[in-house]
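Number of protein chains: 2
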Amino acid sequence: MIKPTRRSVFFISDGTGISAETLGLNLLAHFPGVEFHQVRMPFIDSPEKARACLPAINKAAQEDGLRPILLMTFVNEDVSVEFCHADALCLDFFKTFIGPLGQELGMLPTRSIGQGRRVVDNSVYRHRMEAVNYSLEHDDGASERHLSEAEVILVGVSRSGKTPTSLYLAMQFGIRAANYPLIPEDFERGKLPSVLDQYRKKLFGLTIRPERLHEIRSERRPNSKYASLDNCRLEVKQAEQLMHRENIRWLDSTTRSIEEIAAKVMQECGLDGHVG
Amino acid sequence: MIKPTRRSVFFISDGTGISAETLGLNLLAHFPGVEFHQVRMPFIDSPEKARACLPAINKAAQEDGLRPILLMTFVNEDVSVEFCHADALCLDFFKTFIGPLGQELGMLPTRSIGQGRRVVDNSVYRHRMEAVNYSLEHDDGASERHLSEAEVILVGVSRSGKTPTSLYLAMQFGIRAANYPLIPEDFERGKLPSVLDQYRKKLFGLTIRPERLHEIRSERRPNSKYASLDNCRLEVKQAEQLMHRENIRWLDSTTRSIEEIAAKVMQECGLDGHVG
Numbered sequence: 001m002i003k004p005t006r007r008s009v010f011f012i013s014d015g016t017g018i019s020a021e022t023l024g025l026n027l028l029a030h031f032p033g034v035e036f037h038q039v040r041m042p043f044i045d046s047p048e049k050a051r052a053c054l055p056a057i058n059k060a061a062q063e064d065g066l067r068p069i070l071l072m073t074f075v076n077e078d079v080s081v082e083f084c085h086a087d088a089l090c091l092d093f094f095k096t097f098i099g100p101l102g103q104e105l106g107m108l109p110t111r112s113i114g115q116g117r118r119v120v121d122n123s124v125y126r127h128r129m130e131a132v133n134y135s136l137e138h139d140d141g142a143s144e145r146h147l148s149e150a151e152v153i154l155v156g157v158s159r160s161g162k163t164p165t166s167l168y169l170a171m172q173f174g175i176r177a178a179n180y181p182l183i184p185e186d187f188e189r190g191k192l193p194s195v196l197d198q199y200r201k202k203l204f205g206l207t208i209r210p211e212r213l214h215e216i217r218s219e220r221r222p223n224s225k226y227a228s229l230d231n232c233r234l235e236v237k238q239a240e241q242l243m244h245r246e247n248i249r250w251l252d253s254t255t256r257s258i259e260e261i262a263a264k265v266m267q268e269c270g271l272d273g274h275v276g
Numbered sequence: 001m002i003k004p005t006r007r008s009v010f011f012i013s014d015g016t017g018i019s020a021e022t023l024g025l026n027l028l029a030h031f032p033g034v035e036f037h038q039v040r041m042p043f044i045d046s047p048e049k050a051r052a053c054l055p056a057i058n059k060a061a062q063e064d065g066l067r068p069i070l071l072m073t074f075v076n077e078d079v080s081v082e083f084c085h086a087d088a089l090c091l092d093f094f095k096t097f098i099g100p101l102g103q104e105l106g107m108l109p110t111r112s113i114g115q116g117r118r119v120v121d122n123s124v125y126r127h128r129m130e131a132v133n134y135s136l137e138h139d140d141g142a143s144e145r146h147l148s149e150a151e152v153i154l155v156g157v158s159r160s161g162k163t164p165t166s167l168y169l170a171m172q173f174g175i176r177a178a179n180y181p182l183i184p185e186d187f188e189r190g191k192l193p194s195v196l197d198q199y200r201k202k203l204f205g206l207t208i209r210p211e212r213l214h215e216i217r218s219e220r221r222p223n224s225k226y227a228s229l230d231n232c233r234l235e236v237k238q239a240e241q242l243m244h245r246e247n248i249r250w251l252d253s254t255t256r257s258i259e260e261i262a263a264k265v266m267q268e269c270g271l272d273g274h275v276g
């Protein structure tokens with residue numbers, strides 16, 4: 001067995017291809033030695049469009065000297081079958097599982113493209129949009145109104161990861177996530193901003209390593225006191241002391257992806273999300 | 001074969017479970033007759049934690065009178081094997097594909113939990129965060145500086161879907177997406193805001209059905225002129241005329257999910273994203 005150095009991967013779908021890509025990247029990441037050349041082919045919803053993809057796939061096979069890997073989510077088998085003609089490894093995430101699922105449920109799956117999405121959308125899409133708008137309006141303590149509607153309120157020093165986490169919670173799970181910064185005045189006073197007092201049960205803290213915080217802040221305001229390593233060390237230490245004293249659950253965002261932070265926050269806070 | 005009415009589904013993973021849930025929901029949506037009761041079980045990273053999940057699964061089987069469906073992404077087989085003891089249909093998205101992939105690549109997969117994510121993160125995480133910050137700063141024409149750095153600039157009337165789309169492009173694909181509102185003054189003048197003139201190639205328009213726009217705006221500002229159906233009809237018509245005249249590519253966001261809109265924008269604008 002020869003270890004290849006470059007391999008072309010195609011994410012192909014009759015829909016957005018985002019499922020194929022999300023799962024596919026997770027799978028590929030377990031082969032860290034390989035340089036994957038990634039190509040996205042969404043909305044391939046007719047046999048003609050499928051056949052039009054084949055030259056690019058075959059060209060990649062020639063250039064790499066190795067057959068490409070096709071990671072696919074196809075609802076329509078009349079389309080996906082066209083890819084059997086490619087010189088490639090075909091893995092279809094839908095086809096593999098939709099049969100066993102249908103058998104278990106005693107039903108035939110619907111086969112119209114986009115059907116899936118639309119079924120989910122009607123009940124959930126608006127909820128997600130409202131949550132995104134809510135998170136934007138309650139970003140960085142921007143609005144103290146309606147904090148009672150928050151499902152979770154993220155607290156932490158500036159640039160500890162609150163904003164992307166709250167947006168991800170809203171966008172992916174429809175969770176109304178506000179965020180509220182902990183600032184030097186809070187540390188001097190030695191207690192939480194009073195507006196948060198009545199929402200203690202909803203609070204979740206994020207912290208970050210001072211060295212990383214220094215890097216992030218330096219990109220925004222180089223050579224400022226705000227970004228200095230000493231100040232970052234002090235703020236992080238004081239924020240952690242405050243959260244500890246006030247009995248707020250918290251985690252360190254430094255080495256975690258947004259997805260991980262969001263999933264942890266949901267687990268710790270017992271949030272279910274509004275996904276389907 | 002009896003058609004069941006309620007079925008419990010568990011999304012289980014030694015990671016965040018977000019892959020399992022994303023792909024799983026897409027699969028389940030093809031069985032619209034069934035009421036799926038969904039439970040999320042992330043971060044199950046030891047055989048002990050796995051065994052602690054079994055009572056809830058078996059209880060669901062009893063209550064439903066039908067065995068639950070386990071949709072899983074497990075890196076660690078020592079953990080996933082514990083779920084064989086459950087009275088359930090087990091579908092493991094990783095296990096099914098990681099074998100064939102490894103064989104094709106001539107490699108054994110790494111097996112440490114979270115490995116995958118971390119390999120991707122170092123190069124991509126910061127890029128995604130910068131893109132999210134960029135999109136927030138360039139939301140709703142808030143900052144005209146640095147529009148030259150935008151990879152795409154979404155235009156459209158207020159509440160046509162620009163903000164969530166630009167945030168999704170940033171969060172999921174690391175794309176710097178600005179957005180710029182088309183307002184009545186632009187329609188009166190009969191041309192684009194002059195600041196956009198030099199960035200014509202980056203423009204992409206979103207439109208929306210007037211009836212839906214009226215609904216969305218009415219939630220924010222009920223009984224206003226802004227939200228009135230007549231005004232929505234007029235603004236949408238004028239915006240579409242403007243985009244047509246100025247030769248701007250556009251699509252209707254009304255019946256599409258954010259994922260679909262984002263994937264279409266990327267395809268039409270030839271954007272690759274920065275995912276791995």
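Residue numbers (the UniProt record's numbering), protein chains in the order written: chain A, 1 to 276; chain B, 1 to 276.
Glycine residues also receive a C-beta, built at the ideal position from the N, C-alpha and C atoms.
Just so you know, these numbers come straight off a predicted model, no measurement behind them.
Non-local C-beta neighbours of K264 (chain A) in its own chain, meaning closer than 8 Å and more than five positions away in sequence, comprise L251, R256, ordered along the chain. Out of A:L234, A:S19, A:P42, the CA that lies nearest to the CA of L213 (chain A) is found in A:L234.
Under the 8 Å Cβ criterion, the region 133-146 of chain B counts as touching the region 174-185 of chain B, having at least three qualifying pairs.
Secondary structure note for Y168 (chain A): its alpha helix (DSSP H) is the uninterrupted segment 162-173.
Counting C-beta pairs closer than 8 Å gives fewer than three between the region 9-22 of chain B and the region 82-100 of chain A, which falls short of the contact rule. Between A239 (chain B) and L182 (chain B), the beta carbon gap of about 5 Å places them in contact (Cβ cut-off 8 Å). If you look at E48 (chain B), you'll find it in the alpha helix (DSSP H) that goes 47-64. According to the DSSP assignment, G205 (chain B) belongs to the beta strand (DSSP E) that extends over 203-207. Using a Cβ distance threshold of 7 Å, S8 (chain B) and H37 (chain B) count as a contacting pair. In this structure, DSSP gives P100 (chain A) a helical state, which the three-state scheme calls helix. Under the Cβ criterion of 7 Å, T110 (chain B) is counted among the residues facing chain A. A direct Cα-Cα distance of roughly 15 Å separates E149 (chain A) from C269 (chain A). For I175 (chain A), the closest Cβ of chain B is not nearer than 7 Å. The alpha-carbon separation between K191 (chain B) and R209 (chain B) amounts to approximately 22 Å. Counting C-beta atoms within 10 angstroms of its own C-beta, R67 (chain A) has 16 or more neighbours from the protein chains shown and is therefore classed as buried. Scanning chain B for C-beta atoms nearer than 9 Å to the C-beta of L23 (chain A) yields S19, A20, T22, L23, T73, F93, F94, F97, reported in chain order. If only complete runs of 3 or more residues are kept, the region 168-255 of chain B shows the beta strand (DSSP E) at 177-181, 203-207, 250-252, in order along the chain. Listed in chain order, the alpha helix (DSSP H) elements of length 4 or more contained wholly in the region 2-43 of chain B are 18-28.
Taking a beta-carbon distance threshold of 7 Å, F31 (chain A) counts as an interface residue toward chain B. Spanning the alpha carbons of T96 (chain A) and M107 (chain B) requires a straight line of approximately 23 Å.
Taking each of B:A52, B:H244, B:E211 in turn and checking the Cα distance to L229 (chain B), the smallest one comes out for B:E211. About 6 Å separates the beta carbons of E35 (chain A) and T5 (chain A), which is inside the 8 Å limit, making them a contact pair.
Listed along chain B are M171, each with a C-beta nearer than 8 Å to that of Y168 (chain A). The C-beta of D78 (chain B) has fewer than 16 other C-beta atoms within 10 Å across all chains shown, which makes the residue exposed. For Q267 (chain B), at least one C-beta of chain A is nearer than 7 Å to its own C-beta. Within 9 Å of the CB of I69 (chain A), the CB atoms of chain B belong to L101, E104, L105, in sequence order along the chain. For V157 (chain B), there is no enclosing beta strand (DSSP E), as DSSP marks it with neither H nor E.
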